[in-house]
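According to the UniProt record's numbering, the residues represented by the sequence shown are 1 to 273, in order.
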Amino acid sequence: MLRIDDLTKAFGRNKAVDAASIVVDKPVMIGIIGRSGAGKSTLLRMLNRLTDATSGAIMFEGQDVTQLRGAAKRNWQSQCAMIFQQFNLVPRMDVVSNVLHGTLNRRSTFATMFNLYPTEDIHRAIEILDRLGIAEHAPKRAEALSGGQQQRVAIARALMQDPKIILADEPIASLDPMNAQVVMQSLRDIHEQDGRMVIANLHTLDTARRYCDRVIGMRAGRIVFDGTPEQLTTGVARDIYGADETFSEAATSTEIETLSEEVAKLADIAESV
Ligand SMILES: Nc1ncnc2c1ncn2[C@@H]1O[C@H](COP(=O)(O)OP(=O)(O)OP(=O)(O)O)[C@@H](O)[C@H]1O
Ligand SMILES: [Mg+2]
């Protein structure tokens, strides 16, 4: 279904992604983990053609998407919708209009300028919001919603494109643990119920283990692990994060207790200086 072959992205002499190869034969839910700078965002950005690859190929259903131009490239971009850490909504616009923005690439400039949306699109937007449990917020401005609700609006906008793949770059990194769970569960439900492929860059190991069928570990641009959550042992995780024996999984955890421990530690350090 999706085959990534020797994909490389170089920025000068730095290879942000270095000969990555991934084969996906059915629409699974994949989590990509690795420390900051490992190349996770660059890999996703190449997949949806926000960034051009330096070399290598991305084959989707028999077509090399790295070669697509013009309308074919835009069509690909609507087939693999992207969700970002910062939601990227229009803050002062109402929720339902933000969702309808997901249909932009198939509407005329004229219709866009005058905010003319077909009634069936508006109904569909409301249905999608309902499915995500936020239909009651449809008339509100996006900025009036909590972070978790805004991220669900961003997911709704992505669904409006009816994508085959949803790419999520750290979708829960700005959310509290409770909202993080709701958003991850929404992505999981979309994957299971609609059969869409989901590829998410995740900060924390426990999230990848809990929600994904497959986990890919990146280190310095290279794929150093590709397996099931069960195969992702503490030793393997240590290797992915390039850490020594003092590495603890808690350091990559979203649990509230762990966070408060970290805060306490920082407070101790602050006191001692
Ligand atoms: N536009 C750019 N120009 C130059 N270097 C870049 C650019 N984008 C990314 N890089 C470099 O590529 C490497 C990989 O960056 P990338 O953002 O993909 O990492 P990441 O795994 O997503 O990290 P994080 O967890 O912090 O988001 C880093 O060394 C980064 O500095
Ligand atoms: Mg990133």
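Each residue gets a CB set at the ideal place from its N, CA and C atoms; glycine is no exception.
According to DSSP, residue pairing for residue 8 in a beta bridge involves 55.
At least one heavy atom of ligand 1 sits closer than 7 angstroms to the Cβ of residue 11.
Sorted by position in the chain, 11, 14, 16, 34, 36, 37, 38, 39, 40, 41 and 42 make up the residues whose C-beta lies under 6 angstroms from a heavy atom of ligand 1.
Measuring C-alpha to C-alpha distances from residue 170 to each of 198, 145 and 189 identifies 198 as the nearest. Taking C-beta atoms as the reference points, residue 17 and residue 43 count as a pair closer than 8 angstroms. Under DSSP, the beta-bridge partners assigned to residue 169 are 84 and 201.
The beta-bridge partner set that DSSP reports for residue 23 consists of 3. A distance criterion of 7 angstroms places the beta-carbon of residue 88 beyond contact range of ligand 2, judged by its closest non-hydrogen atom. The DSSP-derived three-state label of residue 32 is strand.
Remark: the shortest separation between the CB of residue 201 and any heavy atom of ligand 2 falls under 7 angstroms.
As the crow flies, the alpha-carbon of residue 223 is around 43 angstroms from that of residue 120. Residue environment for residue 75: exposed (fewer than 16 other C-beta atoms within 10 angstroms of its C-beta). Assignment of residue 162 by DSSP, reduced to helix, strand and coil, places it in the coil class. As a beta-bridge residue in DSSP terms, residue 215 pairs with 31 and 227. As far as DSSP is concerned, residue 40 takes part in no beta bridge. Taking C-beta separations shorter than 6 angstroms and ignoring five residues to either side along the sequence, the partners of residue 32 in its chain run 40, 201 and 216, following chain order.
Leaving aside the five residues that flank residue 228 on each side, the residues in its chain whose CB is nearer than 8 angstroms to its CB run, in chain order, 213, 214 and 215. Residue 48 carries a coil assignment under DSSP once its states are collapsed to helix, strand and coil. Distance from the Cα of residue 19 is smallest, within the candidate group 8, 239, 70 and 230, for 8.
Ranked by how close their Cα comes to the Cα of residue 185, the residues 165, 90 and 151 have 151 in first place. For the 8 angstroms CB-CB criterion, residue 93 and residue 141 form a contact.
Residue 100 and residue 231 have their alpha carbons spaced roughly 41 angstroms apart.
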